[in-house]
């Protein structure tokens, strides 16, 4: 059976499926080990960043992980400059594998490629411990006859290649942003999002370190500035969802009883995790996602 934890983000509840969690072959990764945990953000321009936020969700996620005292290292062959208003007392790790215009597989706009044909080289070079995968948007935008079933099949093929590279890697897969009606195939994109948990929960992946980070009820068209790419606030919401998913899939899957970070630089507020006091609280705090942990740079979109 699959285990399901409800994760709490600042924008509301997000569902995280921890798939195969009862199997002895599934290993939670450590966020507190001496060697940095290597995390690869993988996807398209919503991983790379676009518009007002050229670092996408990655700068917000880096800040959440660092302010929580977690030892992590973003990896990938691409780099993007930190935002102009980066004001934290530590450097922002710019490494990632987000590529504008890249589809999961197949045609896209001239000059771009796809994730599937490049993934082996990227993995061999970066050797990540954890992968954050959000992909499929460009399959709908640039492949005008693409259906949800075709895209979910391509997602499965990409996941298969990742696990063929290493059966020990931990893979977190997120639903994609909703597409505005004028961008085309918005209904197919929504159906694709609805099909992801069925793919990830299938027998095919029961022995894999695989999680679904569900943002379908967190992100709306109001979080997009052009019907495709996120506003700064949308990226912040996405970063919180990734953070919750990472913690829930780690060896900290149950809430700590004490602080996981003493203080956030520049703040007098200590960061602590309250213990749940009800059945609902136990479900909601199946990770460390309390509002007190959210330290944001972006004030408004």
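Numbering (my numbering), first residue to last: -6 to 294. We treat Cβ as the ideally placed atom computed from N, Cα and C, and that holds for glycine. These numbers come from a predicted model, not from an experiment.
Of the residues assessed, residue 153 falls on the exposed side of the cut-off, its CB having fewer than 16 other CB atoms within 10 angstroms.
Inclusion of residue 94 and residue 36 in the CB contact set at 7 Å is not warranted, their separation being larger than that value. Assignment of alpha helix (DSSP H) within the segment 37 to 68, counting only whole runs of 4 or more residues, yields 38 to 41, 51 to 60 in chain order. For the segment 107 to 162, the continuous beta strand (DSSP E) assignments of 3+ residues that do not extend past its boundaries occur at 123 to 127, in sequence order. DSSP, reduced to helix, strand and coil, places residue 230 within a helical segment of the structure shown.
Assigned with DSSP and collapsed to three states, residue 34 falls in strand.
Between the alpha carbons of residue 69 and residue 112 lies a gap of roughly 11 Å.
In this model, residue 119 and residue 186 are separated by some 28 Å (Cα to Cα). Of 98, 71, 99, 100, the smallest CA-CA separation from residue 86 is found for 71. The Cβ atoms of residue 208 and residue 168 lie closer than 7 Å to each other.
From the listed residues 196, 227, 177, the smallest Cα separation to residue 211 is found for 227. The three-state secondary structure of residue 203, taken from DSSP, is strand. At the C-beta level, residue 165 and residue 238 come within 7 Å of one another.
Residue range 88 to 91 is occupied by the beta strand (DSSP E) that includes residue 91. Of the candidates 197, 107, 114, 23, 114 places its Cα closest to the Cα of residue 158.
For residue 75, the closest of 65, 201, 64, 89 by C-alpha to C-alpha distance is 89.
Per the C-alpha coordinates, the member of 22, 170, 216 positioned closest to residue 129 is 170.
Within the DSSP secondary-structure output, residue 96 pairs in a beta bridge with 107. Taking the C-beta atoms as reference points, residue 84 is found no nearer than 7 Å to residue 225. For residue 198, no alpha helix (DSSP H) segment is defined, and its DSSP state is neither H nor E. Ranking 126, 215, 44 by CA distance to the CA of residue 109 puts 126 first.
Look at residue 214 here: in three-state DSSP terms it is helix. One thing to note: residue 133 has its Cβ within 7 Å of the Cβ of residue 178. The residues 97, 98, 108, 109, 112, 126, 128, in chain order, have a CB closer than 8 Å to that of residue 151 in the same chain once the five nearest residues on each side in sequence are set aside. Residue burial is scored here from C-beta neighbours: residue 102 has fewer than 16 other C-beta atoms within 10 angstroms and is therefore classed as exposed.
Distance between residue 223 and residue 232, taken at the CA atoms: about 11 Å. Across the structure, residue 44 and residue 217 are spaced so that their CA atoms are roughly 10 Å apart. Contact annotation, residue 206 with residue 172: C-beta distance approximately 19 Å; criterion of less than 8 Å not satisfied. Secondary structure of residue 164 (DSSP, three-state): strand.
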